[in-house]
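Numbering (our numbering), first residue to last: 506 to 753.
Idealized CB from N, CA, C, for every residue including glycine.
Treat the numbers as computed from the prediction; the structure is a model and nothing was measured.
Right, one structure below, let's go through it.
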């Protein structure tokens with residue numbers, strides 16, 4: 506079976522090939538088209554390479570799904586969500602030029618300020634997990650004002666079972682609004698929309714880790730509906746003033 510679907514991105518139209526035939530998928534990919542594999546439960550050993558995405562029924566590929574397949578194929582960033590003032594989208598390597606050095610962002614922030622490291626993050630994080638830390642962009646002028654998103658995390662089974670779904674993965678919400686753009690409610694606005702997206706598309710088990718002396722972040726967490734649930738990363742850790750507080 507070979508099905509061709511078209512999807513518009515901006516002013517351009519792209520063709521996506523859906524097939525359960527290995528040769529057809531290879532030929533379409535060689536022709537520069539995005540491909541989606543059609544999995545037949547009766548033929549579980551058939552290779553659907555090089556399809557990044559696999560579905561059972563053609564009708565499962567709606568316009569948003571097809572657009573995701575095309576963007577992954579072309580290396581274009583996905584728009585995650587929009588709010589009144591913000592666009593939350595995936596990073597591009599070029600974004601590193603607009604990310605300032607701010608000490609409070611932590612050592613991991615270096616990933617976002619180096620083109621090679623940011624490119625590797627985009628390839629490994631977004632394409633594998635389909636989520637990560639995203640660019641927070643001001644809608645009216647496309648200025649990068651910060652970053653926010655969710656990352657995989659490991660928590661104890663006890664903590665994971667307290668609310669949410671036990672079979673959902675745990676993820677950590679984090680954010681960093683750059684200094685010139687603070688005190689305008691952008692962090693709250695971005696996080697609210699990210700949480701809505703994450704809960705519908707990724708997991709119900711969402712956490713925030715906050716140091717005890719970080720009162721602004723603790724206040725933001727409470728505005729987002731989070732409450733403190735634990736004061737150490739795992740039961741084996743010694744609790745101290747340097748231990749983050751888990752919010753859920």
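Using the rule of at least 16 other Cβ atoms within 10 Å of the residue's Cβ for burial, across every protein chain shown, is residue i buried or exposed?
i           : result
residue 578 : buried
residue 710 : buried
residue 621 : exposed
residue 521 : buried
residue 536 : exposed
residue 654 : buried
residue 649 : buried
In the DSSP assignment, what are the bridge partners of residue i?
i           : result
residue 712 : 677
residue 749 : The partner list for residue 749 (beta bridge, DSSP) is empty, contrary to what the question assumes.
residue 637 : The partner list for residue 637 (beta bridge, DSSP) is empty, contrary to what the question assumes.
residue 654 : 638, 679
residue 643 : 591
residue 733 : 752
residue 539 : 521
residue 649 : 642
Sort the options by Cα distance to residue i and report the nearest one.
i           : options            : result
residue 569 : 586, 556, 555      : 586
residue 656 : 708, 650, 549      : 708
residue 599 : 575, 626, 674      : 626
residue 716 : 698, 704, 752      : 752
residue 511 : 529, 526, 538, 525 : 538
residue 548 : 531, 525, 722, 565 : 525
residue 646 : 589, 543, 575      : 589
residue 597 : 610, 612, 609, 580 : 580
residue 553 : 534, 703, 566, 564 : 534
residue 701 : 532, 611, 593      : 593
Going by the C-beta, is residue i closer than 6 Å to any heavy atom of the ligand NAP?
i           : result
residue 700 : Because no ligand of any kind appears in the structure shown, any question about the ligand NAP cannot be addressed here.
Distance, Cα to Cα, residue i vs residue j?
i           : j           : result
residue 561 : residue 583 : 23 Å
residue 729 : residue 606 : 27 Å
residue 706 : residue 718 : 32 Å
residue 651 : residue 683 : 5 Å
residue 518 : residue 663 : 49 Å
residue 635 : residue 629 : 10 Å
residue 688 : residue 726 : 16 Å
residue 696 : residue 678 : 8 Å
residue 733 : residue 694 : 21 Å
residue 617 : residue 698 : 22 Å
What is the C-beta distance between residue i and residue j, in whole angstroms, given that I count them as a contact (C-beta under 8 Å)?
i           : j           : result
residue 572 : residue 638 : The pair is not a contact, with the Cβ atoms about 21 Å apart (cut-off 8 Å).
residue 640 : residue 595 : 7 Å
residue 591 : residue 642 : 7 Å
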